């Protein structure tokens, strides 16, 4: 199982597979709690996220994320177009199926060494080339909002392996996977960068840079501004949402430098364009 942090696949009482992500002795803050809360925050901002929660294992917190590359259906059945593959669990006469999964590296047609030379707009182009026509519009909007969210929460681990695509048996085509591996990284730097390119100013993590690339996501200026506003209205209340997610105040304080105010990542001219 890939990634730098310890993890394991487990099954719950119903037989559903979850990915367990564990804390590390050297962590500067409660990473399972903050990562799980970040997914909660993203979901509130309108992004597609898998079910996730935390549990205590002794005195350590473990994050559980439901595997979104599995679904349950009759052994030889093709799921109905309106079937909810994410939440449907095992039942009488059903069998577990896997959905095909590829990373952004595969869809963008590059190797890992080229990841830092790619951008969110390159992923949007890959969506237009390879994803099912029914989901292209939704997925390019989602990519734009993920970029905005990552700017606000300083998630600079947004490399191409941390963007995924699933083969949807209902469509017989590819679509963007739910969001995963989002970890706000505390920093006191006034100028910050994402891993992937944001806009004409490269990887510079500002809203002005992101907005300047709106046409590459087939978004009008007004539509892009509306999406930025939707994300900001949620992220600006991050402390309240992290409290709801069960993150202790001490851990919120440790991660606070990751969460950016809109005034720090945009010009006044951009803010005047928001709804």
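In my numbering, the protein residues as written are 126 to 400.
Each residue gets a CB set at the ideal place from its N, CA and C atoms; glycine is no exception.
As the structure is a computational prediction, the values presented were derived from the model and not from experiment.
Worksheet entry | Under the three-state DSSP convention, the category residue 278 falls into | For residue 278, the secondary structure class from DSSP, reduced to helix, strand or coil, is helix.
Worksheet item: What is the residue span of the alpha helix (DSSP H) that residue 234 lies within?
Response: Segment: none, residue 234 is in no alpha helix (DSSP H) and carries neither H nor E.
Discussion item. What would DSSP say about residue 195, mapped onto helix, strand or coil?
Written reply: For residue 195, the secondary structure class from DSSP, reduced to helix, strand or coil, is strand.
Worksheet item: Between residue 199 and residue 220, what straight-line distance do the alpha-carbon atoms span, to the nearest angstrom?
Response: Within the model, the alpha-carbon separation for residue 199 versus residue 220 is close to 6 Å.
Fill in: Residues of its chain near residue 257, where Cβ-Cβ distance is below 8 Å and the 5 sequence neighbours each way are ignored
Leaving aside the five residues that flank residue 257 on each side, the residues in its chain whose CB is nearer than 8 Å to its CB run, in chain order, 293, 296, 297, 298, 299 and 300.
Practice prompt. Below 6 Å CB to CB, which residues in the same chain sit around residue 331 once its five sequence neighbours on both sides are set aside?
Written response: A distance below 6 Å between beta-carbons, with the five flanking residues on each side excluded, links residue 331 to the following residues of its chain, in chain order: 390.
Worksheet item: How big is the Cα-Cα spacing for residue 136 and residue 179?
Response: If I take the Cα positions, the gap works out to 15 Å.
Worksheet item: From residue 172 to residue 378, what distance separates their C-alpha atoms?
Response: Approximately 25 Å, taken between the alpha carbons.
Item to complete: Identify, in the order they occur along the chain, each residue of the same chain with its Cβ nearer than 7 Å to the Cβ of residue 399, setting aside the five sequence neighbours on each side.
Response: Excluding residues within five positions, the ones whose Cβ falls inside 7 Å are 350, 353 and 354.
Item to complete: Take the Cβ of residue 238 as the centre, count every other Cβ of all protein chains shown within 10 Å, and call the residue buried at 16 or more, exposed below.
Response: By the Cβ neighbour-count rule, residue 238 is exposed, with fewer than 16 other Cβ atoms within 10 Å of its own.
Practice prompt. Assuming residue 318 and residue 329 form a contact by the criterion Cβ under 8 Å, report the distance between their Cβ atoms to the nearest whole angstrom.
Written response: Residue 318 to residue 329, Cβ: 6 Å. Contact.
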